[in-house]
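With the UniProt record's numbering as the guide, the letters of the sequence shown map in order to residues 15 to 392. Quick reminder that beta carbons are idealized off the backbone N, C-alpha and C, glycines included. It should be emphasised that the depicted structure is a prediction, and the values quoted were computed from it without experimental measurement. Below: one structure, written as structure tokens.
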Amino acid sequence: YEIYLNGMTGAVPRLPTDLTLLEEVTEQRLGTGPVGYVAGSAGNGRTAHANRAALDRLRIVPRVLRDISKRDLSVEVLGARLPAPFALAPVGVLSIMHPGAEPAAARAAAAQGVPFILSSASSTPMEKVAEAMGDSERWFQLYWPKDRDVTLSFLSRAKKCGFSALFVTLDTPLLAWRPRDLDQAYLPFLHGVGTANYFTDPAFQAGLAKPVHEDLNAAVLHWVQMFSDPSKTWPDLAFLRENWDGPIVLKGIQHPDDARRAADFGVDGIVVSNHGGRQVNGAIGSADALPGVVEAVGDRLTVLFDSGIRTGDDIFKALALGARAVLLGRPYAYGLGLDGQAGVEHVIRCLLAEFDLTLALSGHSTPGELTPDALAPI
Ligand code: FNR
Numbered sequence: 015y016e017i018y019l020n021g022m023t024g025a026v027p028r029l030p031t032d033l034t035l036l037e038e039v040t041e042q043r044l045g046t047g048p049v050g051y052v053a054g055s056a057g058n059g060r061t062a063h064a065n066r067a068a069l070d071r072l073r074i075v076p077r078v079l080r081d082i083s084k085r086d087l088s089v090e091v092l093g094a095r096l097p098a099p100f101a102l103a104p105v106g107v108l109s110i111m112h113p114g115a116e117p118a119a120a121r122a123a124a125a126q127g128v129p130f131i132l133s134s135a136s137s138t139p140m141e142k143v144a145e146a147m148g149d150s151e152r153w154f155q156l157y158w159p160k161d162r163d164v165t166l167s168f169l170s171r172a173k174k175c176g177f178s179a180l181f182v183t184l185d186t187p188l189l190a191w192r193p194r195d196l197d198q199a200y201l202p203f204l205h206g207v208g209t210a211n212y213f214t215d216p217a218f219q220a221g222l223a224k225p226v227h228e229d230l231n232a233a234v235l236h237w238v239q240m241f242s243d244p245s246k247t248w249p250d251l252a253f254l255r256e257n258w259d260g261p262i263v264l265k266g267i268q269h270p271d272d273a274r275r276a277a278d279f280g281v282d283g284i285v286v287s288n289h290g291g292r293q294v295n296g297a298i299g300s301a302d303a304l305p306g307v308v309e310a311v312g313d314r315l316t317v318l319f320d321s322g323i324r325t326g327d328d329i330f331k332a333l334a335l336g337a338r339a340v341l342l343g344r345p346y347a348y349g350l351g352l353d354g355q356a357g358v359e360h361v362i363r364c365l366l367a368e369f370d371l372t373l374a375l376s377g378h379s380t381p382g383e384l385t386p387d388a389l390a391p392i
């Protein structure tokens, strides 16, 4: 009701409360350059479209006359009690959207009590972002570097910064064919953006002939070689397990057999995600992949979900299909671009308020009550 009460003095929200409008508003206000990098997808956008279509196809069947006066959105994820089944997904290079970049987004998450997953490809070194994170849960996303020493250095820095869980992204061994970036010949990393964790890393620096500030081009080329290792396979995961004592979550799982392998290996969780449709064009919508994965490993692993979440009912649907919590990508990057920390807080608050109302108006009081029965059969 806060928005309506403020409205009695004539104030209206600075940003739309329908978060599906944010992309258009951001392009209008900030132009299409860096926004194109955020909004863009792989190929001609078929997977990004499939992500939306998969969620849109699902239908909630509301129930009535159930006491929904007291509601509790909190859930337990990876040993932490979260205020809602929600976290900010790792999104790299946030400085292209706003100079406040990752620390501003992290402060917004902390102010709202939701976890922030810091990307390996952040524009700000992890130590600086950690300072902005307050008491909220902090998780670190690893783009698994080719070099073992750099990997070990990232893990030990992340540990020192208080990151409790490690999200290992597996769907990006190579960067996909992304026409919006190709047409602009624009890749932020080649301008030294999104490389802060690497350029400040002693193990990374050890591989350079000259300091980063003396030869940026050489540092960028070293980054290109270091960024990922497309030859990695399942047994390589043992190295991470040996060197990280907290929860490990594999991000970018879509196939039930991969989910089973993850469970057999002994990780703690997975994110059913296709990177917001930014990697494989023509792939299955992430919400279409979710039920098969939940059936395969739902009783063995914490299953998280992302790719396409834009509204409160999307969260409801993902949870009803068996996800424990969802991650949000692009919309918070738009919020950041439009209004810095306040913009990210606006996005978090709108989404969670809408989820709370969807839950209640459909006759439920907690996320734990949601099962596929809450949806119409398809
Ligand atoms: C991403 N994503 C991502 N994932 C990751 O593991 N590490 C990263 O550095 C990034 N960087 C990144 C940058 C940008 C601009 C976008 C849009 C996305 C993927 C992200 O974590 C998440 O999986 C998707 O964004 C979820 O889809 P939606 O919510 O954007 O539809």
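If we ignore side chains and look at the alpha-carbon of each, how far apart do residue i and residue j end up?
i	j	result
residue 247	residue 99	31 Å
residue 187	residue 378	41 Å
residue 284	residue 276	8 Å
residue 280	residue 259	12 Å
residue 400	residue 269	Outside the displayed range of the chain (15 to 392) lies residue 400, so it cannot be described from this structure.
residue 331	residue 69	7 Å
residue 56	residue 101	24 Å
residue 313	residue 132	27 Å
residue 273	residue 256	20 Å
residue 359	residue 347	11 Å
residue 72	residue 369	16 Å
residue 337	residue 382	10 Å
residue 391	residue 380	22 Å
residue 161	residue 219	12 Å
residue 271	residue 75	31 Å
residue 288	residue 78	35 Å
residue 108	residue 375	35 Å
residue 27	residue 253	48 Å
residue 202	residue 308	36 Å
residue 24	residue 45	29 Å
Check this for me: beta carbons of residue i and residue j, under 7 Å apart or not?
i	j	result
residue 152	residue 176	yes
residue 112	residue 354	yes
residue 244	residue 179	no
residue 115	residue 138	yes
residue 144	residue 320	no
residue 373	residue 334	no
residue 21	residue 106	no
residue 237	residue 200	no
residue 364	residue 40	no
residue 183	residue 84	no
residue 135	residue 154	no
residue 318	residue 339	yes
residue 117	residue 146	yes
Give me the Cβ distance between residue i and residue j, rounded to the nearest whole Å; I'm assuming they're in contact under 8 Å.
i	j	result
residue 156	residue 181	7 Å
residue 291	residue 62	3 Å
residue 54	residue 194	4 Å
residue 124	residue 150	4 Å
residue 91	residue 316	6 Å
residue 190	residue 294	7 Å
residue 198	residue 50	6 Å
residue 110	residue 48	4 Å
residue 204	residue 234	6 Å
residue 282	residue 263	6 Å
Leaving out five residues on either side along the sequence, give the residues of the same chain with a beta carbon under 7 Å from the beta carbon of residue i.
i	result
residue 43	352
residue 142	117
residue 371	326
CB-CB under 8 Å to residue i, same chain, minus the five flanking residues each way: which ones, in chain order?
i	result
residue 322	62, 65, 66, 68, 69, 290, 291, 299, 300, 301, 328
residue 224	232
residue 215	164, 167, 168, 171
residue 81	379
residue 240	159, 160, 161, 164, 212, 218, 221
Using a Cβ-Cβ cut-off of 6 Å (strictly less than) and excluding sequence neighbours within five positions of residue i, which residues of its own chain qualify?
i	result
residue 393	Past the boundaries of the shown model lies residue 393; the chain is included only from 15 to 392, so the question cannot be answered.
residue 36	345, 348
residue 96	89
Sequence ranges, beta strand (DSSP E) only - wholly within the stretch 114-199, length at least 3: DSSP runs (the beta strand (DSSP E)) wholly in the stretch 114-199: 130-132, 152-156, 179-183.
Residue ranges of each beta strand (DSSP E) within the stretch 198-229, 3 or longer: List check, beta strand (DSSP E) in window: nothing returned.
Any beta strand (DSSP E) of 3 or more consecutive residues that is wholly inside the stretch 66-98: 89-91, 94-96, all fully within the stretch 66-98.
Every unbroken beta strand (DSSP E) inside the stretch 270-352 [3 residues or more]: Counting whole runs of 3 or more residues, the stretch 270-352 contains the beta strand (DSSP E) stretches 283-286, 316-319, 339-342.
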